[in-house]
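For reference, the structure is listed below as structure tokens.
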Amino acid sequence: MPKSKQTIIQLDKKTINKIAAGEVVERPASVVKELVENSLDAKATEISVFIRGHGLDEIKVVDNGLGMSKEDAAIAWKSHTTSKLKTIEDLDAISSLGFRGEALASIASVSTMEIITKKEGQDTGVFVRIKGGDLELFEERECGLGTSIAVKNLFFNVPARKKFLKTKTTELGHIIEIVTRQAMIRPNIHFKLIHEKSVLLNSPKSKNPLEPFISVFGVEMAKQMILINFEKADLTITGFTSNPALSRSTRDYEMLYINKRYVKSKLLSEAIEEAYKTLLMKNRYPVTLLNIEIASFEIDVNIHPTKREVRFNKAKEIFEVVREAIADSLSSSELWREDKTMLKNFSEKISKQSGLQFESVTGHLEVTDSIIEAETKTEEASDKKSTDSFDSHLEFKTDGLITSDPSTSEVLLATKTDVVIFSDSFWLKPLGQALNLYVLCESSEGIAVVDIHAAHERIRYEQLLSMYKKSKIQIQELLHPITFQLTKDQIAFMSDYLPQLKKLGIEFELFGGDTYIVRRLPVIMDLLKTDVDIQCFIDEMKKEVVSLKDVSDRIDLIITTMACHSVIRSGDPVSVNRIVAILKDLSTCQSPFTCPHGRPTIIKISEKSLEKEFGRIV
Numbered sequence: 022m023p024k025s026k027q028t029i030i031q032l033d034k035k036t037i038n039k040i041a042a043g044e045v046v047e048r049p050a051s052v053v054k055e056l057v058e059n060s061l062d063a064k065a066t067e068i069s070v071f072i073r074g075h076g077l078d079e080i081k082v083v084d085n086g087l088g089m090s091k092e093d094a095a096i097a098w099k100s101h102t103t104s105k106l107k108t109i110e111d112l113d114a115i116s117s118l119g120f121r122g123e124a125l126a127s128i129a130s131v132s133t134m135e136i137i138t139k140k141e142g143q144d145t146g147v148f149v150r151i152k153g154g155d156l157e158l159f160e161e162r163e164c165g166l167g168t169s170i171a172v173k174n175l176f177f178n179v180p181a182r183k184k185f186l187k188t189k190t191t192e193l194g195h196i197i198e199i200v201t202r203q204a205m206i207r208p209n210i211h212f213k214l215i216h217e218k219s220v221l222l223n224s225p226k227s228k229n230p231l232e233p234f235i236s237v238f239g240v241e242m243a244k245q246m247i248l249i250n251f252e253k254a255d256l257t258i259t260g261f262t263s264n265p266a267l268s269r270s271t272r273d274y275e276m277l278y279i280n281k282r283y284v285k286s287k288l289l290s291e292a293i294e295e296a297y298k299t300l301l302m303k304n305r306y307p308v309t310l311l312n313i314e315i316a317s318f319e320i321d322v323n324i325h326p327t328k329r330e331v332r333f334n335k336a337k338e339i340f341e342v343v344r345e346a347i348a349d350s351l352s353s354s355e356l357w358r359e360d361k362t363m364l365k366n367f368s369e370k371i372s373k374q375s376g377l378q379f380e381s382v383t384g385h386l387e388v389t390d391s392i393i394e395a396e397t398k399t400e401e402a403s404d405k406k407s408t409d410s411f412d413s414h415l416e417f418k419t420d421g422l423i424t425s426d427p428s429t430s431e432v433l434l435a436t437k438t439d440v441v442i443f444s445d446s447f448w449l450k451p452l453g454q455a456l457n458l459y460v461l462c463e464s465s466e467g468i469a470v471v472d473i474h475a476a477h478e479r480i481r482y483e484q485l486l487s488m489y490k491k492s493k494i495q496i497q498e499l500l501h502p503i504t505f506q507l508t509k510d511q512i513a514f515m516s517d518y519l520p521q522l523k524k525l526g527i528e529f530e531l532f533g534g535d536t537y538i539v540r541r542l543p544v545i546m547d548l549l550k551t552d553v554d555i556q557c558f559i560d561e562m563k564k565e566v567v568s569l570k571d572v573s574d575r576i577d578l579i580i581t582t583m584a585c586h587s588v589i590r591s592g593d594p595v596s597v598n599r600i601v602a603i604l605k606d607l608s609t610c611q612s613p614f615t616c617p618h619g620r621p622t623i624i625k626i627s628e629k630s631l632e633k634e635f636g637r638i639v
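This is the structure in structure tokens:
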């Protein structure tokens with residue numbers, strides 16, 4: 022008989038579910054997300070999440086929700102079974118968190134799943150066990166109202182998936198993040214997260230919308246939050262956002278929700294940041310929790326199985342309303358009154374120094390000869406100060422430049438600045454600082470611009486690395502120890518890195534609850550002075566090292582982070598002598614032309630390029 026020419030076949034259900042699981046169940050945290058969302062859709066007011074083995078051994082979610090009937094429990098774990106949709110038109114009015122009917126089937130296909138559930142009005146509950154997508158046991162069982170779903174031995178039949186997981190601590194961190202996000206927006210629900218026997222999160226029911234926030238971030242951070250309650254154009258925006266005094270170095274603290282569904286949205290992030298545009302430095306971000314109530318037909322969450330992405334029908338209007346909501350809350354909050362107090366104190370200080378009188382913050386200031394005279398004296402003093410440093414503007418040394426003898430000019434310049442030799446063929450002579458960040462230099466090849474932060478970072482990195490390898494990191498006791506509070510997510514992350522940090526001279530001690538204390542630091546890290554500095558250091562370190570498994574790579578990136586947080590920052594004024602010292606130290610580095618992150622420290626502009634730009638040569 023001739024061989025069949027058919028090469029296309031229809032996949033069986035188990036294979037289909039395993040493929041679907043690849044999209045829905047990326048990691049243990051994905052399972053937690055789906056099960057918790059099911060509990061929320063079932064109107065639960067108490068949700069407990071139990072974790073064993075960082076999620077691979079067992080994940081169990083127990084709720085007091087509506088529960089399932091025997092008939093529903095018999096098919097709930099099968100693919101494309103849902104109680105939220107009946108027709109395609111229902112997609113335009115989705116109010117539940119889940120609706121695809123894929124999650125339970127996908128999870129059950131790559132684990133052993135045990136469901137215990139009971140619906141009100143039924144005499145007994147039901148117990149269901151599914152292993153690898155096959156039903157193993159279905160029986161009646163005595164139980165309370167609600168549902169318990171346990172997922173055991175996750176990925177037991179797809180071992181290759183485990184290779185793509187990160188460290189156990191990282192995976193647990195993702196689980197903490199998932200539960201925390203749900204708890205933050207729902208103060209009316211009691212959430213618990215327990216790992217082994219340790220309670221990682223306990224957020225009781227409360228009428229205070231800030232209560233879950235306090236459970237996670239603590240009272241001190243909560244004190245810096247500003248309430249948002251804004252309505253416009255059929256949108257209701259609620260939540261809270263931070264006083265500009267509280268900011269972070271990453272967007273990780275922007276928690277965004279649409280109809281209480283956690284989402285990632287570049288549009289919403291940019292709207293928030295636009296409201297803070299004149300209040301925060303570049304690359305600083307507010308702590309924000311924002312929920313937007315909007316009609317279901319105005320958005321599309323059916324973009325990806327995780328339902329984190331969202332599209333808006335009226336994106337520009339949404340952007341403007343969110344920006345306005347944040348700006349309105351900031352403008353009406355206490356922070357503006359604090360600014361006025363600061364201005365008042367400032368005006369009193371100036372009055373004593375100059376004899377000027379400020380009638381009020383918003384009052385009229387009469388311009389008189391005495392004021393002009395005072396301003397002139399201030400400018401003269403400022404000019405004198407600027408000749409001694411590179412503090413704020415690019416400064417050219419004009420003394421002796423206007424001369425008929427070029428050699429005299431060169432001598433005068435050489436006496437004002439030092440020539441820093443990097444090699445036989447490359448040297449730099451600093452001329453001035455621009456924008457409180459860049460140093461303009463004459464060079465052996467023409468002109469060079471030095472990023473003083475990046476240069477200082479390279480120096481610190483090589484110093485720290487050398488000290489670490491020689492076990493000679495100098496430690497200093499802090500006159501005022503720094504106390505700071507960590508979130509459960511941060512604690513879980515940091516527990517993996519405490520030994521490495523200790524070797525590098527940074528030791529965190531538990532001070533009580535979620536509060537830690539630093540009593541000593543490396544001498545070289547004298548810029549870590551406050552709890553905010555420590556928080557920024559931890560956030561940056563997490564961003565840098567979280568994906569690495571090799572310990573030596575982690576050490577290198579921790580040192581990189583330490584270097585970044587122990588050097589001159591963008592905007593810091595720097596004296597002439599310090600600039601010269603930094604350039605000299607840079608010239609002795611093994612890799613002086615890039616910072617540890619790979620960015621250039623020096624950009625060279627050749628004399629030939631300059632002559633071309635100015636049209637001197639073709």
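The sequence shown lines up with residues 22 to 639 when you count with my numbering. Glycine is no exception: its CB is placed at the ideal position from the N, C-alpha and C atoms.
The Cβ atoms of Ala204 and Val342 lie no closer than 8 Å to each other.
Between Thr201 and Val237, the CB-CB gap stays under 8 Å. A Cβ-Cβ separation of about 14 Å leaves Thr168 out of contact with Thr145 under the 8 Å criterion. Annotated three-state conformation of Asp62 is helix, per DSSP. By alpha-carbon distance to Asn209, the top candidate from Ala65, Ser286, Val595 is Ala65. Sequence-distant Cβ neighbours of Ile512 in its own chain, meaning closer than 8 Å and more than five residues away, are Asp535. If you keep only unbroken alpha helix (DSSP H) runs of at least 4 residues inside the segment 448 to 521, you get 473 to 491, 509 to 516. Classified as buried, Pro451 has 16 or more neighbouring CB atoms from the shown chains inside 10 Å of its CB. Ser263 and Lys244 have their C-alpha atoms roughly 9 Å apart. Using a Cβ distance threshold of 8 Å, Ser100 and Glu135 do not count as a contacting pair.
Within 10 angstroms of the beta-carbon of Glu561 lie 16 or more other beta-carbons, which makes it buried. Taking a C-beta distance under 8 Å as the contact criterion, Thr551 and Ile503 qualify as a contact pair.
The C-alpha of Glu634 is placed about 39 Å away from the C-alpha of Ala292. The criterion of a C-beta distance shorter than 8 Å is not satisfied by Arg73 and Glu67. Restricting attention to Trp98, Lys189, Leu548, the CA atom closest to the CA of Leu158 is found in Trp98. Nearest Cα to Thr309 within the set Ser317, His211, Tyr278: Tyr278. A distance below 8 Å separates the beta carbons of Gln454 and Ile600. For His477, the CB contacts under 6 Å within the same chain, skipping 5 residues up- and downstream, are Val588, Ile589, Ile603 in chain order. In the structure shown, Thr145 falls within a coil segment according to DSSP collapsed to helix, strand and coil.
Between the alpha carbons of Val544 and Leu486 lies a distance of about 14 Å.
Per the C-alpha coordinates, the member of Leu288, Ile247, Phe447, Phe212 positioned closest to Asp349 is Ile247. Sixteen is the threshold: when 16 or more other Cβ atoms of the shown chains lie within 10 Å of the Cβ of Asp510, as they do, the residue is buried. When DSSP assignments are scanned along the segment 169 to 221, the uninterrupted stretches of beta strand (DSSP E) that are 3 or more residues long and fall wholly within it turn out to be 211 to 216.
Runs of alpha helix (DSSP H) with 4 or more residues, each lying fully within the segment 551 to 603, are found at 552 to 566, 572 to 585, listed in chain order.
In this model, Glu232 and Asp84 are separated by some 21 Å (Cα to Cα).
Contact annotation: Val441 and Ser608 have beta-carbon atoms nearer than 8 Å. Within the DSSP secondary-structure output, Val70 pairs in a beta bridge with Val82, Leu214. Residue pairing by DSSP places Ser627 opposite Gly467 in a beta bridge. Listed in chain order, the beta strand (DSSP E) elements of length 3 or more contained wholly in the segment 269 to 343 are 275 to 279, 282 to 284, 309 to 314.
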